[in-house]
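*Asks:* Would you mind keeping the following structure in view while I ask a few things?
2 protein chains.
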Amino acid sequence: MLLRSLATVTAQKPYFLDEPVKPMMQTAVPGPASKSVLERLDKYQDTRTAFFVADFEKSKGNYIVDVDGNTMLDVFAQIASIPIGYNNPAFLELATKPAFQTALANRAALGVNPTKDWVDSVEDAFMRVAPKGMANVFTVMCGSCANENAFKTAFMYQAAKRRGQNDFTPEELNSCMKNQAPGSPDMSILSFSQAFHGRLFGSLTATASKAIHKVDIPAFDWPKAPFPALKYPLEDHVEHNKKAEAASLEQVEHIIKTNQKPVAAVVVEPIQSEGGDNHASFDYFRKLQAICQKHDVLFIVDEVQTGVGATGTFWAHEAWNLPSPPDIVTFSKKFQAAGFYLNPQLRPKHTYRLYNTWMGDPVRAMQAAAIVNEIESKDLLSNVKQVGGYLQRGLKELASKGSLANVRGQGTFIAFDMHTPTERDNFLLAMRQKGVNIGGCGERSVRLRPMLVFQQNHADILLNTMESVLYK
Amino acid sequence: MLLRSLATVTAQKPYFLDEPVKPMMQTAVPGPASKSVLERLDKYQDTRTAFFVADFEKSKGNYIVDVDGNTMLDVFAQIASIPIGYNNPAFLELATKPAFQTALANRAALGVNPTKDWVDSVEDAFMRVAPKGMANVFTVMCGSCANENAFKTAFMYQAAKRRGQNDFTPEELNSCMKNQAPGSPDMSILSFSQAFHGRLFGSLTATASKAIHKVDIPAFDWPKAPFPALKYPLEDHVEHNKKAEAASLEQVEHIIKTNQKPVAAVVVEPIQSEGGDNHASFDYFRKLQAICQKHDVLFIVDEVQTGVGATGTFWAHEAWNLPSPPDIVTFSKKFQAAGFYLNPQLRPKHTYRLYNTWMGDPVRAMQAAAIVNEIESKDLLSNVKQVGGYLQRGLKELASKGSLANVRGQGTFIAFDMHTPTERDNFLLAMRQKGVNIGGCGERSVRLRPMLVFQQNHADILLNTMESVLYK
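Top line first, the protein sequences correspond to chains A and B.
Note that the UniProt record's numbering numbers the first sequence so that position 126 is 126, with each residue one more than the last.
Note that the UniProt record's numbering numbers the second sequence so that position 227 is 227, with each residue one more than the last.
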């Protein structure tokens, strides 16, 4: 018996009038056409991680279509990076505009030659939704690069503070060319157990989600604090969770005070995503910031996965009600453009220290502006809050029957656990065969990362499909 | 008296019929309109490195137009990253194609959902010009990321070799989560003095072009070998240069044999670019590869700046006539798409180790295919060789009069030195005021990075303007 049906829910005006009404499966996934393309591609690239081959021309809104003609409800959304639905008319229209085509045909080195409309994009995309009190933005090409440049900014800030009014010493300038102290200083970034901040050498050092990402790659000797291991539902475990958070904060402060390599910054995700969708209370983050401020350690919030609306606020950290802004907030994925917000006093005194060839991409910034427009004009944050609540209630109903546990979320940024990694993997495969594309995270968690245009009818399909897979 | 004029050179059919015929200056650079935009932008971003604000809509072929209406011959080309001229019709036409617009509106996570035409792009762009014998390609978003992932590949290869048929030990998997050995191994990448490989933590460690890029940023304790300091013109200093190269190679082998942190790979630029356009002989690179092979150290060629035709071959290292391919070749900039070629045996055995969200950009890959088409159909490599020879001869004539020295180059990838850094900086500024946009490199070098559509008439304008600036 199905828990819910389209007829019983409040009718919502659909964002996509021409979207499929439900999944339609023609073959197993991956089907023969996907397999054939993957076999051809595998000569050149490792395709073992591919779920199927996408036909984006035919995909629409919340539905992804593959080359076998399978139409799937997509709550993985290119690893949480599609914001406003496949083939959103706002994006398609943008692609026909001369300014957009000019930006595409002439890729700027923005540090040398900002384009005439770059400042408009900066205002219309990044500054329009800047976290309160954050006045500057530095743009790059991907989330890992955003975090690495944020770390560089923190190191330069701390070194400048230590140096005071003095300029670099000849010893610093000479030793850094040999990768040695004092020019290459023994400072560190403090991150958390289960954190994911990227896969390049600095960001991978700060990452601790899975050993397979890190093994065999040299890393800096940077410290990790335990992220609080909360029990869910949060409201039933208040005392335990308070203790776990206090213990984590105590470790953070202990490491800041005693670590041999001085801590330049603390970096934290509002919800640890790749590491298993681990939450902490808003109070925890306020206290974390206070500890950072007390010791003049920068407070970096990594919103690469949580940013751009899915938690119900544009930035997840907005919900914390911090007394003052973070020092740095990084972004990528659903914003299409990558980079970080920073306070202007973090600009290095010398030029060419935060710099690279492209310094971001005007094309992706124009898309980011279109995303902001769409979120505002369609009030997608309200949609996320409403449908997120609805979906969480539905999942808790399903959880009460035993196959899943620890339903947790903010907005539609929701996860739950299965009993074992194998059960989780089998569940994801079974759901895909029934036309719902989902991803995992952590050891045995399932993460839902629907787009901001995910509505109640989509939630119903997701819940009904889960019910049929889990409880036959 | 001008050395040359349009009338005296062989008439070439112009690639751009509607290109300006010469620079046309309306104001000083940056002019009032540029300054006004930069002032507005500076509220959000550091604009001190900006030369002027570009109006790409009005730019064409080899000419960049700024917002003050100044039309400049551009031989800096967005830090060597514009391949086939501003507003090339091939790029503009591509932007109108449905497949391109679909790729733009639906950004793929290629590791999860390769798109149906991705394999075509891989073949039409990357594999069509793959260095001989290199059968695989891994795509990312920028040059620094290309190098960092190449380094990761090298570390995984060396660790797997050491491990043999065994799987990871529990100790390795546990220790890497703490950023400690043996899981986070003490291996290294060997690079060269004056090298530039990027600005992220691994790539910046391998970089040694300028202290200001490195100071205050933690680095790995990775070694540097001296890059041979050749004297120019090469043909007049054969003995000295041979000795310098032999000494460099001796150091390379010494470091590989004795470095405390085992060397996983050697990374080298075919022409050190940011570091001052430093050349070495083809024989040097052949011997360098041989040393790497002797010690089973991977040989990584960083073609981020030299790749895609400017040296007269598609890849600069093709000119070396290596007996077997390099292990890895990295690219970005003029290819618009970034990544690296690798031999299939370097694919990690386990999945998700070379991986990230986007794994490159199908839009930029389609542009890369258009670039390859344009280079082949217009025979741009022949053009580069011909006009490069012409330009080098002209520069040597100018050098004979005393203001510049050490003219060196392959194709149009040409540089020369001024007497002092100040003279160089003043020269660049003066040239810009006269309508030629050029960049510097190293301490006192000028680097010419014209596009592949740079022809003799453009070379004449460059040379005549230089003559008027240097010799009044």
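Heads up, the beta-carbon is just placed ideally off N, CA and C, and yes, glycines get one too.
Everything numeric in this text was worked out from a predicted model, so none of it was measured.
At a CB distance below 8 Å, what residues from the stretch 43 to 59 of chain B approach chain A? Give them in sequence order.
*Replies:* Correct list: 43, 44, 45, 46, 47, 48, 49, 50, 51, 52, 53, 54, 55, 56, 57, 59.
*Asks:* Which residues share a DSSP beta bridge with residue 441 (chain B)?
*Replies:* For the purposes of this step, residue 441 (chain B) is identified with residue 441 of the second sequence, where counting begins at 1. Looking at the DSSP assignment, residue 441 (chain B) forms a beta bridge with B:445.
*Asks:* Would residue 298 (chain B) and residue 264 (chain B) be called neighbours here (beta carbons separated by less than 8 Å)?
*Replies:* Position 298 of the second sequence, counting from 1, holds the residue named residue 298 (chain B). Position 264 of the second sequence, counting from 1, holds the residue named residue 264 (chain B). Yes.
*Asks:* Along chain B, which residues have their Cβ under 7 Å away from the Cβ of residue 445 (chain A)?
*Replies:* In the first sequence, residue 445 (chain A) corresponds to position 445, counting from 1. The premise fails here: residue 445 (chain A) is roughly 16 Å from chain B at the closest Cβ pair, so nothing lies under 7 Å.
*Asks:* To be precise: take each residue of the stretch 350 to 362 of chain B, compare its Cβ to all Cβ atoms of chain A, and keep it if any distance is under 8 Å. Which residues remain?
*Replies:* Answer in chain order: 350, 351, 352, 353, 354, 355, 356, 357, 358.
*Asks:* Counting only beta-carbon atoms, is residue 286 (chain B) nearer than 8 Å to chain A?
*Replies:* By one-based count along the second sequence, residue 286 (chain B) stands at place 286. For residue 286 (chain B), the answer is no, since every Cβ of chain A falls outside 8 Å of its Cβ.
*Asks:* Could you round the C-beta distance between residue 66 (chain B) and residue 29 (chain B) to whole angstroms and report it? I think they count as a contact, below 8 Å.
*Replies:* Counting from 1 along the second sequence, the entry for residue 66 (chain B) is found at position 66. Counting from 1 along the second sequence, the entry for residue 29 (chain B) is found at position 29. Correct: roughly 7 Å between the Cβ atoms.
*Asks:* For residue 58 (chain A), which residues from the same chain have a beta carbon less than 6 Å from its beta carbon, with the 5 sequence-adjacent residues on both sides left out?
*Replies:* Residue mapping note: residue 58 (chain A) aligns to position 58 of the first sequence, counting from 1. For residue 58 (chain A), where only same-chain residues beyond five positions count, the Cβ hits under 6 Å are 65.
*Asks:* Report the CB separation of residue 37 (chain A) from residue 119 (chain B) in whole angstroms; it is logged as a contact under 8 Å.
*Replies:* Numbered from 1 along the first sequence, position 37 holds the residue referred to as residue 37 (chain A). Numbered from 1 along the second sequence, position 119 holds the residue referred to as residue 119 (chain B). Indeed they touch by this definition, with Cβ atoms about 6 Å apart.
*Asks:* Kindly identify the DSSP beta-bridge partner or partners of residue 74 (chain A).
*Replies:* One-based indexing of the first sequence puts residue 74 (chain A) at position 74. In the DSSP output, where bridge partners are listed per residue, residue 74 (chain A) has A:437.
*Asks:* Please classify residue 352 (chain A): does DSSP put it in a helix, a strand, or coil?
*Replies:* What you label residue 352 (chain A) is simply residue 352 of the first sequence in a count that begins at 1. Coil.
*Asks:* Is residue 186 (chain A) close to chain B? Criterion is C-beta to C-beta, closer than 8 Å.
*Replies:* Position 186 of the first sequence, counted from the first residue, corresponds to residue 186 (chain A). Yes - at least one Cβ of chain B is within 8 Å of the one on residue 186 (chain A).
*Asks:* Are the beta-carbon atoms of residue 147 (chain A) and residue 267 (chain A) separated by less than 8 Å?
*Replies:* Taking the first residue of the first sequence as 1, we reach residue 147 (chain A) at position 147. Taking the first residue of the first sequence as 1, we reach residue 267 (chain A) at position 267. Yes, the Cβ-Cβ distance between residue 147 (chain A) and residue 267 (chain A) is below 8 Å.
*Asks:* Near residue 61 (chain A), which residues of its chain fall below 7 Å by C-beta distance, leaving aside the five closest residues on each side in sequence?
*Replies:* For the purposes of this step, residue 61 (chain A) is taken as residue 61 along the first sequence, with counting starting at 1. Here the set comprises 15, 16, 19, 85, 86, 453.
*Asks:* Answer yes or no: does any C-beta atom of chain A fall closer than 8 Å to that of residue 218 (chain B)?
*Replies:* As a working note, residue 218 (chain B) is residue 218 in the second sequence. So, interface residue.
*Asks:* Quick one: complete beta strand (DSSP E) runs, 3+ long, within the stretch 83 to 143 of chain B?
*Replies:* Listed in chain order, they are 136 to 140.
*Asks:* Determine, using beta carbons only, whether residue 336 (chain A) comes closer than 8 Å to chain B.
*Replies:* For the purposes of this step, residue 336 (chain A) is taken as residue 336 along the first sequence, with counting starting at 1. It does: the Cβ of residue 336 (chain A) has a partner Cβ on chain B nearer than 8 Å.
*Asks:* Would you mind telling me which residues of chain A sit closer than 7 Å to residue 425 (chain B), beta carbon to beta carbon, in chain order?
*Replies:* As a position in the second sequence, residue 425 (chain B) is number 425, starting the count at 1. Result: empty, since nearest Cβ-Cβ is about 13 Å, beyond 7 Å.
*Asks:* Specify, as a first and last residue, the run of the beta strand (DSSP E) that residue 198 (chain B) falls within.
*Replies:* The count along the second sequence starts at 1 and reaches residue 198 (chain B) at position 198. Here residue 198 (chain B) belongs to no beta strand (DSSP E), and DSSP marks it neither H nor E.
*Asks:* For residue 471 (chain B), go through chain A and note every residue whose CB falls closer than 7 Å to its CB, in chain order.
*Replies:* Residue 471 (chain B) sits at position 471 when you count from the first residue of the second sequence. Simply none; closest approach about 28 Å.
*Asks:* Within the 8 Å Cβ cut-off, does residue 230 (chain A) reach chain B?
*Replies:* Counting from one through the first sequence, the residue named residue 230 (chain A) turns up at place 230. Closer than 8 Å: no.
*Asks:* Using a threshold of 7 Å, is the CB atom of residue 95 (chain A) nearer than that to any non-hydrogen atom of the ligand SAH?
*Replies:* Absence of the ligand SAH from the depicted structure is noted, as is the absence of any ligand whatsoever, leaving it without description.
*Asks:* Check whether the stretch 419 to 431 of chain B and the stretch 383 to 400 of chain B touch, using three or more Cβ-Cβ pairs below 8 Å as the test.
*Replies:* With the cut-off at 8 Å, the stretch 419 to 431 of chain B and the stretch 383 to 400 of chain B do not touch.
*Asks:* Taking the Cβ atom as the reference point for each residue, do residue 351 (chain A) and residue 353 (chain B) lie within a distance shorter than 8 Å?
*Replies:* In the first sequence, counting from the first residue as 1, residue 351 (chain A) sits at position 351. In the second sequence, counting from the first residue as 1, residue 353 (chain B) sits at position 353. Cβ distance not < 8 Å, so residue 351 (chain A) and residue 353 (chain B) don't count as in contact.
*Asks:* What residues from the stretch 237 to 258 of chain A come within 7 Å of chain B, judged by C-beta to C-beta, listed N to C?
*Replies:* Taking 7 Å as the Cβ-Cβ cut-off against chain B, none of the residues of the stretch 237 to 258 of chain A qualify.
*Asks:* Please tell me whether residue 312 (chain B) and residue 335 (chain B) are closer than 8 Å, where the distance is taken between their beta carbons.
*Replies:* Counting from one through the second sequence, the residue named residue 312 (chain B) turns up at place 312. Counting from one through the second sequence, the residue named residue 335 (chain B) turns up at place 335. Not a contact, by the Cβ cut-off of 8 Å.
*Asks:* Could you list which residues in chain B have their beta carbon closer than 8 Å to that of residue 119 (chain A), in chain order?
*Replies:* Here residue 119 (chain A) refers to the residue found at position 119 of the first sequence. 37, 40, 41, 44, listed in chain order.
*Asks:* From the beta carbon of residue 378 (chain B), is the nearest beta carbon of chain A less than 8 Å away?
*Replies:* Along the second sequence, one-based indexing puts residue 378 (chain B) at 378. It does not: the Cβ of residue 378 (chain B) has no partner Cβ on chain A nearer than 8 Å.
*Asks:* Go ahead and pull the three-state DSSP assignment for residue 56 (chain A).
*Replies:* Here residue 56 (chain A) refers to the residue found at position 56 when the first sequence is read from its first residue. Reduced to three states, the DSSP call for residue 56 (chain A) is coil.
*Asks:* Within its chain, find whatever has a CB closer than 7 Å to the CB of residue 286 (chain A); leave out the 5 residues flanking it on each side and keep chain order.
*Replies:* In the first sequence, residue 286 (chain A) corresponds to position 286, counting from 1. Cβ neighbours of residue 286 (chain A) beyond the five flanking positions: 320, 322.
*Asks:* Out of curiosity, what's the CA-to-CA distance linking residue 356 (chain A) and residue 273 (chain A)?
*Replies:* Working through the first sequence from its first residue, we reach residue 356 (chain A) at position 356. Working through the first sequence from its first residue, we reach residue 273 (chain A) at position 273. Spanning the two alpha carbons is a distance of roughly 28 Å.
*Asks:* For the candidate residues A:269, A:233, A:68, whose alpha-carbon lies nearest to that of residue 196 (chain A)?
*Replies:* Start at 1 with the first residue of the first sequence, and residue 196 (chain A) comes out as number 196. For residue 196 (chain A), the nearest C-alpha among the options comes from A:269.
*Asks:* Measuring alpha carbon to alpha carbon, tell me which of B:381, B:74, B:82, B:56 ends up nearest residue 337 (chain B).
*Replies:* Looking up residue 337 (chain B) in the second sequence gives position 337. Closest by alpha carbon: B:82.
*Asks:* Provide the residue span of the beta strand (DSSP E) that contains residue 298 (chain B), from first to last.
*Replies:* The count along the second sequence starts at 1 and reaches residue 298 (chain B) at position 298. It spans 298 to 302 - the beta strand (DSSP E) in which residue 298 (chain B) sits, taken as one unbroken run.
*Asks:* If you compare alpha carbons, which of A:440, A:415, A:414 is closest to residue 426 (chain A)?
*Replies:* Position 426 of the first sequence, counted from the start, is the residue given in the question as residue 426 (chain A). With distances taken between Cα atoms, residue 426 (chain A) lies closest to A:440.
*Asks:* Give me the chain B residues within the contact set of residue 333 (chain A), using Cβ-Cβ distance strictly less than 8 Å, ordered along the chain.
*Replies:* Position 333 of the first sequence, counting from 1, holds the residue named residue 333 (chain A). Residues of chain B passing the Cβ test: 357.
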